[in-house]
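Colleague: Provided herewith is a single structure, encoded as structure tokens, for subsequent inquiry.
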Amino acid sequence: MGTIRLRSLQPYLLSAPALLVIGLLFLVPSIYNVILAFQNLTPYQSPGDAESVGFENFSDLWSSGELPNAAFNTVFWLTAMSVVLRLLAGLGLALALQSPILRRWKLRGLSRTLILIPWMVPQVVAIAAWRWILDGNSGVLNQALNALGIIDGAIPFLAQTSTVWWSIIAIIVWRELPFVVMVLVAGLQSIPSEQYEAASVDGAGRWTSLRSVTLPNLRPVLTIVVLVTVIQTFNNFVYVWLTTGGGPGNYTAVLATELYSAAFFDNELGTGAAIGLLMTVIMAIFAVLYLRVTATKEDA
8 MGTIRLRSLQ PYLLSAPALL VIGLLFLVPS IYNVILAFQN LTPYQSPGDA ESVGFENFSD
68 LWSSGELPNA AFNTVFWLTA MSVVLRLLAG LGLALALQSP ILRRWKLRGL SRTLILIPWM
128 VPQVVAIAAW RWILDGNSGV LNQALNALGI IDGAIPFLAQ TSTVWWSIIA IIVWRELPFV
188 VMVLVAGLQS IPSEQYEAAS VDGAGRWTSL RSVTLPNLRP VLTIVVLVTV IQTFNNFVYV
248 WLTTGGGPGN YTAVLATELY SAAFFDNELG TGAAIGLLMT VIMAIFAVLY LRVTATKEDA
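The letter at position 29 of the sequence shown is residue 36 when you use my numbering, and the numbering goes up by one with no holes.
Below, the structure is given as structure tokens:
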């Protein structure tokens, strides 16, 4: 009996160290962040000196007018626009990589390697390169457009409101697109060829096969891709901060940059924690609703 009981406890004993590490590295900071969101604390004070302020941090954020702008930029520009463009471009490239022409010329391996190059470049390096390309004074893109006679002068892509968000989105799509492409390629390869053959026998063309065979089979993969890319992009700090710093003015400020500015420039750790808590709640609500909607569609 003792041996049987030990064997039944073995999985829990083996997973205990990992659970302990997860608890120390994730649960403890998360719980402290929730507590800190309702306190007033600076980096120069000890946690014991924190003053409880209730919902004051949240009300101050809303009354300042900065939170609605940052929330809109985060949800619409940083997340929705970049994710939609990545999905559309990723699906197109994934279908192209499955083209019989590439198979015939034995270029599939090379093309997939080339697709991965942007993803291999560190984010900071990629952003630095794109800042040089988009520079309003000596940028490569401005020089090329002037040489082709398309423009006469210079366009400050990262310094004017009409182009700055599209420039940031272009950088995000270029850098993060390979992940979407590779996951969708794997999904396409898992679709049985018999389904396409059956659709062809029924007289289905390319577009009909795409709608009736490809997309329904890709739905589980697309669900994961959307969830991962939305969470990854929503919480991203690097792209906006290293390209514009939230400028021009406060035009490209997002929740992540507001969190960083509040905590480390304004020395308001409680305000930063409040923004972080709001971001967590928003993402949790999105994940639950999105998974519930996709599960309902699959059951229908």
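Think of the CB as a built atom: it goes at the ideal place given N, C-alpha and C, for glycine as much as any other residue. Keep in mind that this is a model prediction, so the values were computed, not measured.
May I ask you to list the residues that DSSP assigns as paired with E58?
Modeller: To locate residue 58, count along the sequence shown from 1; it is residue 51. E58 is bridged to N47.
Colleague: Do you know how far the Cα of T264 is from the Cα of L31?
Modeller: Position 24 of the sequence shown, counting from 1, holds the residue named residue 31. Position 257 of the sequence shown, counting from 1, holds the residue named residue 264. Roughly 26 Å separates the two Cα atoms.
Colleague: Between which residues of its own chain and R182 is the CB-CB distance below 6 Å, once the five residues before and five after are set aside?
Modeller: Here residue 182 refers to the residue found at position 175 of the sequence shown. P125, A133.
Colleague: I'd like to check one pair, T240 with L85: are the Cβ atoms closer than 8 Å?
Modeller: As a position in the sequence shown, residue 85 is number 78, starting the count at 1. As a position in the sequence shown, residue 240 is number 233, starting the count at 1. For L85 and T240, yes; Cβs fall inside 8 Å.
Colleague: Residues in its own chain within less than 8 Å of G277 by CB, not counting five upstream and five downstream?
Modeller: The sequence position of residue 277 within the sequence shown is 270, counting from 1. So the qualifying residues of the chain are L43, A44, F45, Q46, N47, L48, A57, V60, N64.
Colleague: What is the residue span of the alpha helix (DSSP H) that G97 lies within?
Modeller: Stepping through the sequence shown from its first residue, residue 97 is reached at position 90. Run containing G97: 89 to 104, per the alpha helix (DSSP H) assignment.
Colleague: Let me confirm a value: W172 is counted as buried when at least 16 other C-beta atoms fall within 10 Å, else exposed. Which label applies?
Modeller: Counted from its first residue, the sequence shown places residue 172 at position 165. Buried is the call here.
Colleague: Could you tell me whether the segment 116 to 130 touches the segment 200 to 209, using the rule of 3 or more Cβ pairs below 8 Å?
Modeller: Contact fails: fewer than three Cβ-Cβ distances are below 8 Å.
Colleague: Ignoring anything shorter than 4 residues or poking outside the segment 208 to 290, list the alpha helix (DSSP H) runs there in chain order.
Modeller: Counting only runs of 4 or more, we get 213 to 216, 222 to 241, 245 to 250, 262 to 271.
Colleague: Classify R93: buried if its beta carbon has 16 or more other beta carbons within 10 angstroms, exposed otherwise.
Modeller: The residue labelled residue 93 in the question sits at position 86 within the sequence shown. Its Cβ being crowded by 16 or more others within 10 Å, R93 is buried.
Colleague: How long is the line joining the alpha carbons of V187 and V232, rounded to whole angstroms?
Modeller: On the sequence shown, residue 187 is found 180 positions in, with the first residue counted as 1. On the sequence shown, residue 232 is found 225 positions in, with the first residue counted as 1. Whole-angstrom Cα-Cα distance: 7 Å.
Colleague: Among the residues of its own chain, which have a CB less than 8 Å from the CB of Q196, if the five just before and after it don't count?
Modeller: The residue you call residue 196 lines up with position 189 of the sequence shown. Here the set comprises Q105.
Colleague: I'd like the list of long-range same chain contacts for S216, defined as Cβ closer than 8 Å, with 5 residues on each side in sequence excluded.
Modeller: As a first step, residue 216 must be located in the sequence shown, where it is residue number 209. So the list reads Y203, A206, S207, once near-sequence residues are dropped.
Colleague: Assess, as a yes-or-no matter, whether the segment 219 to 230 is touched by the segment 65 to 78 under the definition of 3 or more beta carbon pairs within less than 8 Å.
Modeller: Segments in contact, no.
Colleague: So the alpha helix (DSSP H) I175 belongs to, where does it begin and stop?
Modeller: In the sequence shown, the residue the question calls residue 175 occupies position 168. Here the alpha helix (DSSP H) through I175 covers 171 to 196.
Colleague: For G97, I'd like the list of residues in its chain whose CB is within less than 7 Å of its CB, leaving aside the five on either flank, ordered along the chain.
Modeller: As a working note, residue 97 is residue 90 in the sequence shown. Excluding residues within five positions, the ones whose Cβ falls inside 7 Å are L184, V187, V188, L191.
Colleague: Does the beta-carbon of S15 have 16 or more other beta-carbons within 10 angstroms, so that it is buried, or is it exposed?
Modeller: For the purposes of this step, residue 15 is identified with residue 8 of the sequence shown, where counting begins at 1. With fewer than 16 other Cβ atoms within 10 Å, it is exposed.
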